[in-house]
Amino acid sequence: MGSKRKKIVVSAGYCGGIGGAERNLKAMIESMPEHEFHIMAKKVVNTGYFPGSGNFRLNETLDKDEEYDLYIYMRAGKPPYVGDRYNFRKKAIIQSGNPVFDLEKKFDYIIMQGIDGLKLCSRKDKCKIVVADPRTTWPEKLKKVEGLPKKFYLTVFNPYHPLKGAHILYMVAKYSKYPMIWCYNSSSELDYSNIGEIENVLQLHNLPQEKLYYIYSKATAYVSFSLSEGYGWAIADAIALNLPIVSRSIGVVTMLEDKSGVRIYNNERELKKIIENAEFTKAKYDKIFKQHTYKKLFKEILK
């Protein structure tokens, strides 16, 4: 992209918060401190994954007389679209696991975070891949969690939608060879008070990041119950730690060239068998987070 500082406008549902879209925005902005981001956010939460770099402006009025280098529309959260109100050299939409058939004609590029994103659009010629590095948002130090089982499966998700697979966890956990630790955040606007106890599942709520990633580091394997993911940040965390992974072929999993450490399942029966038998290959995923970075993508589309 040369040495010139680029001006990039981003429409986002949220800036700050605890979800994957919020984490994606933070990772994107902080990975390119040399450029200036103008975030147009529908909702702002000054906690969680709020960008910590100083290279952005938040909800400031844009200049109609200026040409901005790039417009990014983050489909998650359905923020207002401003691509026709200002001047942009290029425009791109980040799918975030959502169909974009009705929007794709407005954009020069469709940004996917997994090969399975191809089924969510018709203009395959516009598609570009990003695999964001989750380690950029990790805490600097870990904090020990006492009383963990010697061996356990870990799953991390907020059960705000059936696609996250909480009903599958309820169904299969009792058959698991090892106890399941389920981490989720109940401090959001959603009410999870009706979850109740689940056989063979230890529920840990609202952990600080220092404790969450300590638990990641001790897990026997990571289990995803999701039916679909735009990216799958919790899975990406497990990949970055070279954990054995149990998952459907979704999101970031589809980007792994070497899937030797991944046990893919297609239905609950296959999942039940995998977590019962607990046979895993030592995983090493290596270069996945170096091949398709935001920095490389923006350099390509803004040249």
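Going by our numbering, the residue at position 200 of the sequence shown is 263; the numbering climbs one at a time, nothing skipped.
Glycine included, each C-beta is placed from N, C-alpha and C at the ideal position.
Values in this document were obtained by computation on a predicted structure and should not be read as measured data.
- Restricted to the segment 266-324, the beta strand (DSSP E) segments that are unbroken, complete and at least 3 residues in length are 284-286, 308-310, listed in chain order.
- In this structure, the alpha-carbon of Ile-81 lies about 27 Å from that of Lys-154.
- Taking the CA atoms as reference points, Glu-130 sits about 15 Å from Lys-366.
- Burial state of Gly-117 is exposed, judged by a 10 Å Cβ sphere holding fewer than 16 other Cβ atoms.
- Counting every other CB atom within 10 Å of its CB across the protein chains shown gives Arg-86 a total of 16 or more, marking it as buried.
- For Ile-92, the three-state secondary structure derived from DSSP is helix.
- Exclusion of the five residues before and after Ile-174 leaves Ala-155, Ile-157, Lys-191, Val-193 as the residues of its chain whose Cβ lies within less than 6 Å of its Cβ.
- Within its own chain, no residue has a Cβ closer than 8 Å to the Cβ of Glu-203 once the five positions on either side in sequence are excluded.
- In the DSSP assignment, His-101 falls within the unbroken beta strand (DSSP E) covering 99-111.
- DSSP, read as helix, strand or coil, puts Ile-81 in coil.
- In terms of Cα proximity to Ser-289, the closest of Met-103, Tyr-357, Leu-232 is Leu-232.
- Beta-bridge pairing by DSSP links Trp-245 to Thr-218, Gln-266.
- When C-beta atoms of the segment 162-171 are compared with those of the segment 64-78, fewer than three pairs fall below 8 Å, so the two segments do not count as touching.
- The DSSP-derived three-state label of Lys-127 is coil.
- Contact check for Ile-261 against Glu-292 fails: the beta carbons are separated by 8 Å or more.
- With contacts defined as CB atoms closer than 8 Å, Phe-361 and Leu-211 fail to qualify as a contacting pair.
- A direct Cα-Cα distance of roughly 49 Å separates Ser-280 from Lys-127.
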